[in-house]
Amino acid sequence: MTSTKRSTCAFLSDLLSRFNLISASSRSPELIALLSTNVIPTAFQAAQLKASIEVLDAPITEIQSEIDLLRNVAASLETKMERLTDIRRDYRAALSAIRRLPTEILVEILRWTSKEKTQVKDPGPYRVFGFNVFKIGAGPWYLGQVCSSWRDAVRLLCPEIWSTLEITWLCKRSEKEDSMAPAPKKDMVALLDWALERSQNRRLDFYFRCWGFDKEDSADQVEEPEEMIQCFDLLLTHSKRWGSVKLALVPSFLSRLSLVRGRVDRVEDVYLTCIPDAMPGTVDAFEIAPKLKTLDLTGMHADAYIPFPADNLVLLSDGRPLPDHDMIRKYLDIIASAPNLFEFSYHHFSSAVPESPGPYHPQIVHQSLQRLSTSLGALIDSLVVPSLTWMTLTSVESYRVIMCPRDALSHLYSLVVRSHCSLTTLTFIDAILDENLIPILRLSPQLISLCFECKQPSRESDATLRSLFVDMSETIRVGDALHYTLLPCLKRLEFTLYNVEYYAVKYLDVEFVDMVVSRRVPLGSQRLEILRILVEGRAFQVPFTDNGGLEKLQRLRDDGLDLQLDLDDWIFT
Numbered sequence: 001m002t003s004t005k006r007s008t009c010a011f012l013s014d015l016l017s018r019f020n021l022i023s024a025s026s027r028s029p030e031l032i033a034l035l036s037t038n039v040i041p042t043a044f045q046a047a048q049l050k051a052s053i054e055v056l057d058a059p060i061t062e063i064q065s066e067i068d069l070l071r072n073v074a075a076s077l078e079t080k081m082e083r084l085t086d087i088r089r090d091y092r093a094a095l096s097a098i099r100r101l102p103t104e105i106l107v108e109i110l111r112w113t114s115k116e117k118t119q120v121k122d123p124g125p126y127r128v129f130g131f132n133v134f135k136i137g138a139g140p141w142y143l144g145q146v147c148s149s150w151r152d153a154v155r156l157l158c159p160e161i162w163s164t165l166e167i168t169w170l171c172k173r174s175e176k177e178d179s180m181a182p183a184p185k186k187d188m189v190a191l192l193d194w195a196l197e198r199s200q201n202r203r204l205d206f207y208f209r210c211w212g213f214d215k216e217d218s219a220d221q222v223e224e225p226e227e228m229i230q231c232f233d234l235l236l237t238h239s240k241r242w243g244s245v246k247l248a249l250v251p252s253f254l255s256r257l258s259l260v261r262g263r264v265d266r267v268e269d270v271y272l273t274c275i276p277d278a279m280p281g282t283v284d285a286f287e288i289a290p291k292l293k294t295l296d297l298t299g300m301h302a303d304a305y306i307p308f309p310a311d312n313l314v315l316l317s318d319g320r321p322l323p324d325h326d327m328i329r330k331y332l333d334i335i336a337s338a339p340n341l342f343e344f345s346y347h348h349f350s351s352a353v354p355e356s357p358g359p360y361h362p363q364i365v366h367q368s369l370q371r372l373s374t375s376l377g378a379l380i381d382s383l384v385v386p387s388l389t390w391m392t393l394t395s396v397e398s399y400r401v402i403m404c405p406r407d408a409l410s411h412l413y414s415l416v417v418r419s420h421c422s423l424t425t426l427t428f429i430d431a432i433l434d435e436n437l438i439p440i441l442r443l444s445p446q447l448i449s450l451c452f453e454c455k456q457p458s459r460e461s462d463a464t465l466r467s468l469f470v471d472m473s474e475t476i477r478v479g480d481a482l483h484y485t486l487l488p489c490l491k492r493l494e495f496t497l498y499n500v501e502y503y504a505v506k507y508l509d510v511e512f513v514d515m516v517v518s519r520r521v522p523l524g525s526q527r528l529e530i531l532r533i534l535v536e537g538r539a540f541q542v543p544f545t546d547n548g549g550l551e552k553l554q555r556l557r558d559d560g561l562d563l564q565l566d567l568d569d570w571i572f573t
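Heads up: the sequence shown is residues 1 to 573, going by full-length UniProt numbering.
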């Protein structure tokens, strides 16, 4: 190796010495004179210049040839070095300490890999996380490729990491149609079967989504692939192990779901969605589910009958069109029979609310209900909920534009008065804000978060909001300290406005900014900490962007206000 190194050095030294004379090369005095004066060369001078160029061509060509040779040699050596580096990496991997871990420690490490997403940050009521069974390059499949000891541990000793699954059809972008197209994988059913086998007898938490789910346009609807039908049927055979399940189904799968009736003893959380157009009928899969705590239904047919036990229910949410008959009595009976109910949502997906015979008497007093989301007056008027802290007034939580009934705020005001509850979070979605808003807020001194969302802007709420901002700026002296007269504990204020076209959001003006500035002054122990403003539409106007309002908000951000300001005008994007 030493002699080779010496010969290489001698070769390179000889190569450089061949061109030592080039260091003495320079421009001729005649060329320097021509370049400094820009005089047109004479015929004799032009002939001399051409001769000088020809003299330089030969060594330049020779040097370039040597450079190309050296580059090719260097590239070849780099390729050989990369090969040796890869081989060395494999030798080092064989000596890796992680391969020599005792089995019990290795198993404990692997078990923790499945806990990466157990902390749900989404404010929505549910998410079931897990590894996609059909992605071989991820999850337990990938861990088993490290070495034989890992493969054996993953396959035989870690059922926990196989028991939280995602069964969704893999997709790829179609260049021809510029859309997502199914990307079927070989042995999809076998992959799911192996995963279920390796989970042994553990509780199964999974998310299953049909390929045709959410394709409401008839042109987009497709026949469900046979592989997904077989995978769903395979999951049905393991129903006794179901724990938390999220099912995003097409209507044809709902009837198959009833096959698990009486065989879901361990199920605790069910999130069932059917789009498009679920059919009427009975879905009794969870009628006998003694441990059921969470039931979230979306997209069911208005007249679908879905029996379930309420004894241990903690969360109940139903989103479907209102039927022609009165459903409120039924839900009140469920609430009354669910002593542990913590959260209840009923979103009716209907623009027209039929007359109902409510309020019902006697009113239902529920001590544990803390979260409520609805806009139906008859339902609200039939409840007494002293523990209520979280209220969303809405007809539907989705992209649809469905306004709350015009009298929704009056029913909410009566509920707060009747229940003597202390709200901490209050959200209005597509609600007309009338004279009941400020009285509701005066009855909620512990309110921390106040949010307004509107997908159909209306002038009817402007005056109420302007009055609100005036009241929010007022203070009162108690002893030696000043306190806000309205919402003294407020930390979060949010406005989300969609489809604002050729419209001025008049209440978001300089006076609004002055109110925000005043709420940043710490009075007592609280001050406004979070401000979210999102306006999306076309050719709209937000008055505070003029007259220095925007600069004031930016200074508040510099002073520590958590400010998210998003004014998305389609004309400029």
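Here a beta-carbon is modelled for each residue, glycine too, at the ideal position from N, C-alpha and C.
| Check | Outcome |
| --- | --- |
| Top-ranked residue by Cα proximity to H366, from D90, L332, L376, S395 | L332 |
| Boundaries (first-last residue) of the beta strand (DSSP E) holding W390 | 390-393 |
| Contact under 8 Å by Cβ, D559 with E529 | no |
| Residues bridged to N132 (per DSSP) | E166 |
| Residue nearest to S473 in terms of C-alpha spacing, selected from L15, Y484, L376, V189 | Y484 |
| At least 3 beta-carbon pairs within less than 8 Å: the stretch 286-298 vs the stretch 263-274 | yes |
| Delimiting residues of the alpha helix (DSSP H) encompassing G137 | That residue, G137, is in no alpha helix (DSSP H); it is neither H nor E in DSSP. |
| Cα-Cα separation between M81 and F131, rounded to whole angstroms | 37 Å |
| Between the CA atoms of L234 and A195 - distance to the nearest angstrom | 11 Å |
| Boundaries of the beta strand (DSSP E) in which F512 is found, first to last residue | It is not in any beta strand (DSSP E) - F512 instead sits in the alpha helix (DSSP H) that spans 510-519. |
| Where the alpha helix (DSSP H) through N201 begins and ends | Counting along the chain, N201 falls outside any alpha helix (DSSP H), and DSSP gives it neither H nor E. |
| V283 classed as buried or exposed, judged by whether at least 16 other C-beta atoms fall within 10 angstroms | buried |
| Residues of its chain near G243, where Cβ-Cβ distance is below 8 Å and the 5 sequence neighbours each way are ignored | R203, L204, D205, R266, V267, E268, D269 |
| Beta-carbon gap between D381 and P359 smaller than 8 Å | yes |
| Integer Cβ distance of T427 from T389, believed to fall under 8 Å | Contact doesn't hold; Cβ gap of about 12 Å is too wide. |
| Extent of the continuous alpha helix (DSSP H) to which E30 belongs | 29-37 |
| For R320, the three-state DSSP class (helix, strand or coil) | coil |
| Whole runs of the beta strand (DSSP E) within the stretch 425-449, excluding any shorter than 3 residues | 425-429 |
| Outcome for H420 when other beta-carbon atoms lying within 10 angstroms are tallied against a minimum of 16 | exposed |
| Collapsed DSSP secondary structure at W112 in the structure displayed | helix |
| Cut-off 7 Å between Cβ atoms - residues of its own chain near L192, not counting five sequence neighbours on either side | V133, I167, C231, L234 |
| Alpha-carbon to alpha-carbon, L486 and L441 | 7 Å |
| Three-state secondary structure (DSSP) of D546 | coil |
| As assigned by DSSP and simplified to three states, the class of P123 | Residue placement at P123 cannot be trusted, given a pLDDT of 39 that sits under 50; the coordinates are not used to answer. |
| Inter-residue Cα distance where the pair is S13 and K50 | 32 Å |
| Three-way DSSP call (helix, strand, coil) for F208 in this model | strand |
| Neighbour-count burial assignment, K455, 16 or more Cβ in a 10 Å radius | buried |
| Element boundaries [beta strand (DSSP E), containing N499] | 492-501 |
| Residues that D568 bridges to, as DSSP identifies them | E536 |
| Boundaries of the alpha helix (DSSP H) in which Y331 is found, first to last residue | 328-336 |
| Check whether G319 and V396 have beta carbons under 8 Å apart | yes |
| For L556, three-class secondary structure by DSSP | helix |
| Three-state class that DSSP yields for C404 in the structure shown | coil |
| Burial state of P362 (16 or more Cβ within 10 Å) | exposed |
| 8 Å Cβ cutoff met for C210 and A153 | no |
| Sequence-distant residues of the same chain with beta carbon closer than 6 Å to N547, five excluded per side | V510 |
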